[in-house]
Amino acid sequence: MGRHAVTFDGRPIRRRQRLAAYVAILAFGLPSVLVALVGGEAWPLLDYRMYADSKPTSEVDWLELVGRTPDGNAVRLDDEGYIVPFAYSELLRSLYSLDVLGELDPTPARRALIGLLDAYETQRRLGEHNGPPLDRIEVYRVRWTAQPGAANFDKPDSRTLLQSVSLPATM
Amino acid sequence: MSAPAAAWNTFWFTPAAPWPLGLCRAGFFASFYILFLARTDLRWYALFPPEFYQPHSFFAWLSLPVPSWDGMGWLVTAFEISVILAALGLMTRLATLTAFVLGLYVLGLQFNYGYLHWAHAIVPIVTGILALAPCGDALSLDALIRRTITGKTASTGGQYRWPVQLVRLIFVTVFLAAGLAKLRQAGLEWVLSDTLRNYFLENQYVFRSEGAAARSHLLADWLIACPGVCRVLAVVVLAVELSAPAALFSRHGRRWLIPLLFLFQVGNALLLYQDFFFAYLGLYLFWVPWGRRSCSSNSCSEGAGAGGMNF
Chain A
1 MGRHAVTFDG RPIRRRQRLA AYVAILAFGL PSVLVALVGG EAWPLLDYRM
51 YADSKPTSEV DWLELVGRTP DGNAVRLDDE GYIVPFAYSE LLRSLYSLDV
101 LGELDPTPAR RALIGLLDAY ETQRRLGEHN GPPLDRIEVY RVRWTAQPGA
151 ANFDKPDSRT LLQSVSLPAT M
Chain B
172 MSAPAAAWNT FWFTPAAPWP LGLCRAGFFA SFYILFLART DLRWYALFPP
222 EFYQPHSFFA WLSLPVPSWD GMGWLVTAFE ISVILAALGL MTRLATLTAF
272 VLGLYVLGLQ FNYGYLHWAH AIVPIVTGIL ALAPCGDALS LDALIRRTIT
322 GKTASTGGQY RWPVQLVRLI FVTVFLAAGL AKLRQAGLEW VLSDTLRNYF
372 LENQYVFRSE GAAARSHLLA DWLIACPGVC RVLAVVVLAV ELSAPAALFS
422 RHGRRWLIPL LFLFQVGNAL LLYQDFFFAY LGLYLFWVPW GRRSCSSNSC
472 SEGAGAGGMN F
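For the record, the sequence lines run as chains A and B. Mapped onto the numbering used here, the consecutive letters of the first sequence carry residue numbers 1 to 171. Mapped onto the numbering used here, the consecutive letters of the second sequence carry residue numbers 172 to 482.
Laid out in structure tokens, this is it:
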């Protein structure tokens with residue numbers, strides 16, 4: 001590999017190569033800049049609005065997903081083995097997007113929770129996790145006045161049951 | 172040629188050596204594979220309960236189906252192979268094109284389930300750019316084979332400059348978008364209130380297990396105890412995000428801004444537990460002024476000098 005391998009001859013770019021450049025600029029560069037300037041999202045063009053809202057208070061308003069065993073014991077479903085392929089925070093965000101708060105219509109969220117319970121039981125029967133059998137799944141709205149290190153995590157200011165679903169008898 | 176046209180041509184098409192683009196290609200795909208694909212089983216996306224499905228963007232427009240476990244297995248395997256081939260530079264055009272199409276689908280699938288790993292979006296965009304670029308002309312097995320058979324190597328040209336510039340543009344656009352989104356949604360309140368401090372606090376609850384496991388929560392706790400420091404940090408974050416495009420045009424600004432953006436992302440990982448950016452760590456390679464110091468000509472662009480790496 002001698003130095004002759006690359007020559008700086010300043011040749012003009014060929015027409016086909018210039019065309020490829022303009023296609024790339026029009027297909028990827030221009031839409032990315034436009035979405036950045038005006039907002040909106042159409043995968044994979046995003047406006048990266050995470051953490052963009054103002055958050056003037058330290059109140060935390062979040063969800064908790066709990067399973068109920070046949071004898072009424074509560075199992076917090078934050079073990080990702082129980083909710084594959086979701087991570088816990090992803091699953092809760094997904095429930096928000098399905099209106100689990102019931103601001104308009106919680107039916108899609110309730111349907112999704114039934115699907116989640118069905119998947120949990122299917123995976124349990126297949127031996128994919130060692131969680132207990134569950135009768136129902138419950139979603140709570142939990143609020144804290146946040147403290148450093150989430151010191152009061154186990155003692156929220158309020159905890160309200162939003163949804164509770166069980167598998168239909170035919171499933 | 173008018174001044175704007177000359178500036179346009181200088182920005183996009185100043186001749187550059189082929190090897191920096193080859194190096195960026197290899198580094199980007201290799202790091203994406205090592206830091207993300209090798210550690211993540213994307214086949215799991217086939218296991219989302221169908222009741223969670225809310226199709227977005229082209230998934231909705233084209234009514235694309237959700238694959239079965241086996242179907243997803245084939246797609247993911249093909250995606251992984253294409254990424255590896257693209258890193259090696261073997262059948263580079265086909266590999267990058269396949270990685271682009273499959274990446275759009277495979278990485279985007281989770282977008283239809285109500286949440287998103289924002290950082291992943293840049294991966295198919297950069298892959299698409301590289302699919303249109305002659306990124307396999309150097310530092311690739313294709314180039315090695317071509318050289319062995321024909322004795323020919325790629326020479327310097329403007330076709331090796333625009334892909335690097337376009338990836339840089341996309342890169343800074345991500346940060347600009349994040350900064351503008353803050354101004355659109357919160358305005359100056361984002362820096363004048365305790366917003367950043369409160370996000371540090373909130374994420375200790377939202378990412379409870381990650382926060383408890385990370386030693387960095389001690390740093391977050393210290394910052395939370397100093398609201399003034401958090402506000403200064405918020406000003407710096409917003410200023411760096413909005414200034415990011417300056418890195419495209421100012422060599423001096425680039426020296427400061429790119430390390431600051433990297434630190435900003437490390438801070439996201441440590442304090443907000445958002446470590447997804449490691450998936451595209453290789454993009455920082457596009458900012459390294461490869462070969463500039465060894466370039467003897469004044470008209471030589473970044474990467475146009477330092478020959479001898481053209482296999």
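The beta carbon of each residue, even a glycine, is placed where N, CA and C say it ideally should be. Model, not experiment: these values are computed from the prediction.
- For A:E59, the first and last residue of its enclosing beta strand (DSSP E): Taken as a continuous stretch (DSSP letters only), the beta strand (DSSP E) holding A:E59 covers 59-68.
- Residues in its own chain within less than 6 Å of A:S192 by CB, not counting five upstream and five downstream? Here chain A covers residues 1 to 171 and nothing more, so residue 192 of chain A does not appear.
- Could you pull out every unbroken alpha helix (DSSP H) segment of at least 4 residues lying fully inside the segment 303-371 of chain B, listed in chain order? Fully enclosed alpha helix (DSSP H) runs of 4 or longer: 312-321, 333-356, 360-363.
- Buried versus exposed, by CB contacts within 10 Å (16 or more), A:Y22: With fewer than 16 Cβ atoms within 10 Å of its Cβ, A:Y22 is classed as exposed.
- Are B:L218 and A:A119 touching if we call contact CB-CB under 9 Å? In this structure, the beta-carbon distance from B:L218 to A:A119 falls below 9 Å.
- Message: Mapping the DSSP letters down to three states, classify B:Q225 as helix, strand or coil.
- Response: Correct three-state label for B:Q225: coil.
- Sheet register partners of A:L161 (DSSP bridge): In the DSSP secondary-structure assignment, A:L161 is bridged to A:Y140.
- Work out the CA separation of A:D79 and B:G479 for me, nearest whole Å. Any reading at B:G479 is ruled out, since the residue's pLDDT is 46, under 50, leaving its predicted position unreliable.
- With 9 Å as the threshold, decide whether the Cβ of A:R49 is near any Cβ in chain B. Taking 9 Å as the threshold, the shortest C-beta distance from A:R49 to chain B falls below it.
- Task: For A:W62, collect the residues of the same chain with a Cβ closer than 6 Å to its Cβ; drop the 5 residues on either side in sequence, then sort them by chain order.
- Result: The beta carbon of A:W62 sits closer than 6 Å to the beta carbons of V142 from its chain, once the five residues preceding and following it are set aside; these are given in chain order.
- Item | DSSP-derived helix/strand/coil call for A:L45 | Residue state, collapsed to three classes: strand.
- Message: Does chain B have any CB closer than 9 Å to the CB of A:V66?
- Response: By this cut-off, A:V66 is not an interface position.
- Message: Tell me which residues of the segment 360-376 of chain B have at least one Cβ-Cβ distance to chain A shorter than 7 Å, keeping chain order.
- Response: Here the close residues are E360, W361, S364, D365, T366, N369, Y370, L372, E373, Q375, Y376.
- Message: Suppose you measure from the CA of B:L280 to the CA of B:V247; what does that come to, to the nearest Å?
- Response: Take the alpha-carbon of B:L280 and the one of B:V247: they are about 12 Å apart.
- Query: Got a sec? Which residues, its chain only, sit under 8 Å from B:S470 by beta carbon, not counting five neighbours each side?
  - Reply: At B:S470, the pLDDT of 45 sits below 50, so the modelled position is not reliable and the matter cannot be decided from this model.
- Beta-carbon separation of B:F447 and B:Q336 under 9 Å? Not a contact, by the Cβ cut-off of 9 Å.
- Item | Any chain A beta carbon closer than 9 Å to B:T263 | Chain A, which has no Cβ nearer than 9 Å to the Cβ of B:T263, makes this no.
- Query: Can you tell which of B:G307, B:L431, B:V437, B:A440 has its C-alpha closest to the C-alpha of B:A197?
  - Reply: Residue B:G307 is the option with its Cα nearest to B:A197.
- Task: Check B:V459 in the structure and name its three-state DSSP category.
- Result: B:V459 carries a coil assignment under DSSP once its states are collapsed to helix, strand and coil.
- Minimum C-alpha distance to B:V343 - residue among B:F200, B:D241, B:P430, B:T321: The residue with the shortest Cα to Cα distance from B:V343 is B:P430.
- Item | Coil, strand or helix - A:V84 by DSSP | Residue state, collapsed to three classes: coil.
- Item | Cross-chain neighbours of A:P56 in chain B, by beta carbon under 9 Å | At a beta-carbon threshold of 9 Å, the residues of chain B lying near A:P56 are E360, S364, D365, T366, N369, ordered along the chain.
- Taking B:T267 as the reference, which of B:A201, B:F229, B:T321 has the closest Cα? Nearest to B:T267 by alpha-carbon distance, out of B:A201, B:F229, B:T321, is B:A201.
- Opposite A:T145 in the DSSP bridges: which residues? Paired residue(s): A:E59.
- Residues bridged to A:V75 (per DSSP): Per DSSP, A:G67.
- Message: Can you tell me whether B:R210 is buried or exposed? The criterion is at least 16 other CB atoms within 10 Å of its CB, across all chains shown.
- Response: Flag for B:R210 reads exposed.
- B:L347 to B:S414 span [Cα, whole Å]: Between B:L347 and B:S414, the alpha-carbon positions lie close to 7 Å from each other.
- Assuming B:R422 and B:P186 make a contact with CB atoms under 8 Å, what is their CB distance in whole Å? In fact, because the Cβ distance is near 18 Å, the residues do not count as touching under 8 Å.
- When DSSP builds the beta bridges, which residues end up paired with B:S234? Beta-bridge analysis with DSSP links B:S234 to no other residue.
- Message: Let me check understanding here. Comparing Cα to Cα, which of B:W458, B:L213, B:L303 lies closest to B:A417?
- Response: Taking the Cα of B:A417 as reference, the smallest distance to any Cα among B:W458, B:L213, B:L303 is reached at B:W458.
- Spell out a yes or no on whether the segment 13-21 of chain A and the segment 320-330 of chain B are touching, meaning 3 or more CB-CB pairs, one atom from each, closer than 8 Å. A contact exists between the segment 13-21 of chain A and the segment 320-330 of chain B.
- Message: B:N369 and A:T57 - do their beta-carbons sit closer together than 9 Å?
- Response: In this structure, B:N369 lies closer than 9 Å to A:T57 by Cβ.
- Who are the neighbours of B:W183 on chain A, taking C-beta pairs under 7 Å? A21, listed in chain order.
- C-beta neighbour in chain B for A:E41, strict 9 Å: Yes, its Cβ sits closer than 9 Å to a Cβ of chain B.
- Is it true that the segment 389-403 of chain B meets the segment 354-373 of chain B, where meeting means three or more beta-carbon pairs spaced less than 8 Å apart? The segment 389-403 of chain B makes contact with the segment 354-373 of chain B; the number of CB pairs closer than 8 Å reaches 3 or more.
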